[in-house]
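Heads up: the structure comes next, in structure tokens.
Residue numbers (the UniProt record's numbering): 1 to 624.
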């Protein structure tokens, strides 16, 4: 055992020395570039449209408790570990885990696969953002009113039944099919936007960290400028305080729901972009004498602070939207009462509407019941939560058209979303290219710029599935099944590999050598016990929750009897099989790689034994 361990130590030392050759690996121009790139990768669309949603549905300020616990005991330790191991071994994800043990190379392959698959649908979202950005310069905004037919008098029936905002999203943008079984055609406008998005990513990524480092000065900082502008404007809108009060008022009862803790753990995990391999790749371009502990604290805290900061303008605007919708509802009811009972305009207002309604309910109940009176409930309007594309392309766009200078706010909002998504795409692409280049899997005759272009082209072609009429349904499948369970499995193997195979003491020695001080008790306890246990518990809870639920999706079907309410459908068997495959395939690469290495070991052993037998049969003294 001591001999085997010594051999393993020598191999790791050789890998470390090989990775630190100064002429073989590029470096960041400065520390600011590195930090901005890591922050840009971690801070993405989820900070703007996922975190506020979770706060809203899970007790407002009460959700911050499980969220911060997950940050401290799960997010920061894993983030520090990835930055440290990448910086020490100076390789991409496959190279790092392959150096620790040949049997662990599958962890890096799994990370690379997830990064590739996530990049496919993530850049499709950027294509949608570009489509809305191009239309944001129109006056009036195209989602402000229903289109008209050829005779210019009759609105499109689908739009009339729903809203102009919904119609522009589902019909004008996606041209969505009634269910996932109907593919529909490629939408040429989405194909053009998708091609544009991949071209922009390629231009920014063409020379690796040389061009990424320049691009992040804009993509990582501009969203904060826009968020600050939105914050100042949003706080001056009527209803802003209503939205903020709704967001941050704690509902402690929700903490009894185990789903709250599960969602908090997964949110902080995915928000930091852990297990994608991009952070390992970015840190591998650092000098080895760099304080990676401080970097992890900076990136992790800024990421979480951004989530909270983004929630303030978002929910101020949503409060404004809810109040505007409530006032429109009351005005519509006032108009109904005035017309029915010939009440003078000056006699009934929004303030005294309810007493008037009570009076007529008592004197003429039949007339009141015959009126088309709407139920005006401000709390119900505030409770209309939305996440992801629903928040960005439906709820927020509807709020924008009620704001003065709506075109300006629409342009700023979609530029902000594109900047957030673009900086995250850098990490996804880096998580694919760096491992391939480090392992010399790319022929030397192909320049890096050409290979990067080929990767973008292949990704664009595969992602065309998301531009079909059923594309939104498939994008939701990729989002739910690729960017969830596989990352938990990969992260568990990562922390287990570093602490129990590479060696916790050796890892602490490396950090002491890089930073000048040994990891304290907090890092040691989380790496060795708390974080692995949390990952295991979250994984098991996630599997149990998913097993108890019947997989369904919401379809936009104008022929549905309750339209415009979405039609809830069950996934067909073959689609559900694809869902399972998307979740299981990256995970299966870990044992498959280990099996492949074991078979190689057996073949090599067998070959060595055959050679020894042949050598023996020649009559030589083997011992000599």
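Note that the Cβ used here is the ideal one computed from N, Cα and C, for glycine as well.
Output the boundary residues of the beta strand (DSSP E) element that contains residue i.
i           : result
residue 554 : 552-555
residue 570 : 567-570
Between the Cα of residue i and those of the options, spot the shortest distance and give me the residue it belongs to.
i           : options               : result
residue 407 : 132, 482 and 444      : 132
residue 502 : 98, 596 and 200       : 98
residue 325 : 283, 269, 370 and 402 : 402
residue 164 : 158, 146 and 157      : 146
residue 452 : 465, 474, 426 and 469 : 426
residue 215 : 518, 421, 172 and 498 : 421
residue 484 : 36, 519 and 535       : 535
residue 100 : 250, 506 and 549      : 506
residue 627 : 102, 124 and 247      : No answer is possible for residue 627: it lies beyond the span of the chain, which begins at 1 and ends at 624.
residue 282 : 86, 613, 590 and 559  : 86
residue 78  : 447, 242, 531 and 524 : 531
residue 397 : 26, 135, 52 and 51    : 135
residue 205 : 578, 424, 575 and 513 : 424
residue 74  : 595, 608, 575 and 522 : 522
residue 576 : 537, 538 and 478      : 478
residue 114 : 513, 300, 433 and 601 : 433
Kindly give me the distance between the Cβ atoms of residue i and residue j, rounded to whole angstroms, as I take these residues to be in contact under 8 Å.
i           : j           : result
residue 419 : residue 219 : 5 Å
residue 117 : residue 482 : 5 Å
residue 332 : residue 41  : So it is not a contact: roughly 47 Å between Cβ atoms.
residue 280 : residue 82  : 5 Å
residue 460 : residue 194 : 6 Å
residue 463 : residue 124 : 6 Å
residue 429 : residue 213 : Rounded, the Cβ-Cβ distance is 14 Å, inconsistent with contact.
residue 469 : residue 182 : 7 Å
residue 238 : residue 60  : Between residue 60 and residue 238 the Cβ distance is about 21 Å, and since that is not below 8 Å, they are no contact.
residue 510 : residue 88  : 5 Å
residue 130 : residue 62  : Contact doesn't hold; Cβ gap of about 37 Å is too wide.
residue 95  : residue 435 : 7 Å
residue 202 : residue 587 : About 30 Å separates the two Cβ atoms, so there is no contact after all.
Can you tell me whether DSSP reads residue i as helix, strand or coil?
i           : result
residue 23  : For residue 23, the pLDDT reaches just 44, beneath the cut-off of 50, and the residue's location in the model is therefore unreliable, although a value from the coordinates is still provided. It is coil, neither helix nor strand.
residue 186 : strand
residue 538 : helix
residue 622 : With a pLDDT of only 46 at residue 622, under 50, the local geometry of the prediction cannot be trusted, and the value read off the model is given with reservation. Three-state result, residue 622: coil.
residue 368 : helix
residue 299 : helix
residue 612 : helix
residue 604 : helix
residue 403 : coil
residue 91  : coil
residue 442 : coil
residue 148 : strand
residue 376 : coil
residue 561 : coil
residue 28  : coil
residue 591 : helix
residue 578 : helix
Just reading off the alpha helix (DSSP H) that residue i is part of, what are its end residues?
i           : result
residue 510 : 504-515
residue 241 : 240-248
residue 215 : 209-219
residue 352 : First-last for residue 352: undefined, no H or E at that position.
residue 56  : 51-57
residue 143 : Careful: residue 143 lies outside any alpha helix (DSSP H) and carries neither H nor E.
residue 171 : From DSSP, residue 171 is part of no alpha helix (DSSP H); its letter is neither H nor E.
residue 466 : Here residue 466 belongs to no alpha helix (DSSP H), and DSSP marks it neither H nor E.
residue 42  : 31-42
residue 106 : 105-135
residue 228 : 222-234
residue 461 : 448-462
residue 283 : 278-283
residue 476 : 471-481
residue 66  : 64-70
Comparing the C-beta of residue i with each C-beta of chain C, is any distance below 8 Å?
i           : result
residue 530 : The structure shown contains no chain C; it holds only a single protein chain.
### Message
Pairs of beta-carbons, one from the region 258-267 and one from the region 67-78, closer than 8 Å: are there three or more?
### Response
yes
### Query
Is the region 328-342 touching the region 372-379 in the sense that three or more CB pairs, one from each, lie closer than 8 Å?
yes
### Query
Taking three-plus beta-carbon pairs below 8 Å as touching, is the region 275-290 in contact with the region 82-96?
yes
### Query
How about the region 570-577 and the region 546-554: do they share at least three Cβ pairs that are nearer than 8 Å?
yes
### Message
Count Cβ pairs between the region 228-242 and the region 35-54 that sit closer than 8 Å; are there 3 or more?
### Response
no
### Contact between the region 594-611 and the region 99-113 (3+ Cβ pairs under 8 Å)
yes
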